[in-house]
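Data block below; observations after.
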Amino acid sequence: MDKKQFYAEIEKIVREYDLTKHPYVELVSRGEATREQLKRYPIEHYAMTVKDSGPLAALAYLRLRELDLDAAQHIAQNFAEEALGLLSHSAGHTELLCEMWEQALGMPRPQLLDSIGSEESLASNALFYRIAYLKPRYLGGFGLSEEMEVHAYKKLQIGLQEHYGMKPSDLRFLDVHYEADKDHSETGHWLIDRLVTGTGHEEEFLVEARTLCHGFWKGFDSMLSA
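Under my numbering, the residue at position 182 of the sequence shown is numbered 184, and the numbers go up by one with no gaps.
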């Protein structure tokens, strides 16, 4: 597969799974989501990625370090942000999600930390671990799964503030992720260029990346079921 076609296929995946078009995001943006549906966002996001964001980034670093030390350093920066919020000068992303749960939704923290995600969200989480452990060369796919949500963060934030009276200070999780995931998307494309483009593994990578993005989309589907 030539480079131009490969990049076109990558962009096609991101467009296809752009979460600004997801029915859940649309529902919130119109102010039509129920309270139970609003609670599903942090619960399912926690199950899919946030609960394990630190361990996943650490695993990705260790596995990628065996292949490419420079590439692993880029992943290390993601770990610093996900686990500690060092780059955004905020807080770890688990802490930010708990902040949204407690302050925006008025729910006790233990209920989020002890929550069990949907089958779809747990399957999505497993897909991330699968790539990190078994196919670290394809870790650039993580960046595509973050790119597909970047603009959805803003759409959700606007909807929650306009229709549900939530304060910007209660929604830092969305605001910080909007900026952080733009950076992570760039890192993802850099990793793809470095580890996949021109290697003969392009077709396999596209299948793996599409599977990641599809799994993440299905996690959002489960937010509608409340």
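Using N, Cα and C, we set each Cβ at its ideal position, and we do this for glycine too.
(request) To the nearest angstrom, report how far apart Val152 and Asp172 are at their CA atoms. (result) Position 150 of the sequence shown, counted from the first residue, corresponds to residue 152. Position 170 of the sequence shown, counted from the first residue, corresponds to residue 172. The alpha-carbon atoms of Val152 and Asp172 are separated by roughly 18 Å.
(request) List the endpoints of the continuous alpha helix (DSSP H) containing Ser31. (result) In the sequence shown, residue 31 corresponds to position 29, counting from 1. That run of the alpha helix (DSSP H) goes 25-31.
(request) With a cut-off of 8 Å on the beta carbons, I'd call Glu205 and Asp183 a contact; round off their distance for me. (result) Here residue 205 corresponds to residue number 203 of the sequence shown, with the count starting at 1. Here residue 183 corresponds to residue number 181 of the sequence shown, with the count starting at 1. About 26 Å separates the two Cβ atoms, so there is no contact after all.
(message) For Phe130 and Leu214, I'd like the C-alpha separation in whole angstroms.
(response) By one-based count along the sequence shown, residue 130 stands at place 128. By one-based count along the sequence shown, residue 214 stands at place 212. Each residue's Cα considered, the two are about 7 Å apart.
(message) So, at 7 Å on beta carbons, what are the nonlocal neighbours of Ser187 in its own chain, with the 5 sequence-adjacent residues on each side left out?
(response) Residue mapping note: residue 187 aligns to position 185 of the sequence shown, counting from 1. Correct list, in chain order: Gly145, Glu148, Glu149, Val152.
(request) Could you check what DSSP says for Tyr19 in three-state terms: helix, strand or coil? (result) The count along the sequence shown starts at 1 and reaches residue 19 at position 17. In this structure, Tyr19 counts as coil in the three-state DSSP scheme.
(request) Alpha carbon to alpha carbon, how far is Ala60 from Ser224? Give it in angstroms, no decimals. (result) Here residue 224 is taken as the residue at index 222 of the sequence shown, counted from 1. Here residue 60 is taken as the residue at index 58 of the sequence shown, counted from 1. Their Cα atoms are separated by approximately 28 Å.
(request) Have a look at Cys100 and Gly119 and give me their C-alpha separation to the nearest angstrom. (result) Numbered from its first residue, the sequence shown carries residue 100 at position 98. Numbered from its first residue, the sequence shown carries residue 119 at position 117. Spanning the two alpha carbons is a distance of roughly 15 Å.
(request) Work out the CA separation of Asp20 and Gly143 for me, nearest whole Å. (result) Residue numbering aside, residue 143 sits at position 141 when the sequence shown is read from its first letter. Residue numbering aside, residue 20 sits at position 18 when the sequence shown is read from its first letter. Rounded to the nearest angstrom, the two C-alpha atoms are 14 Å apart.
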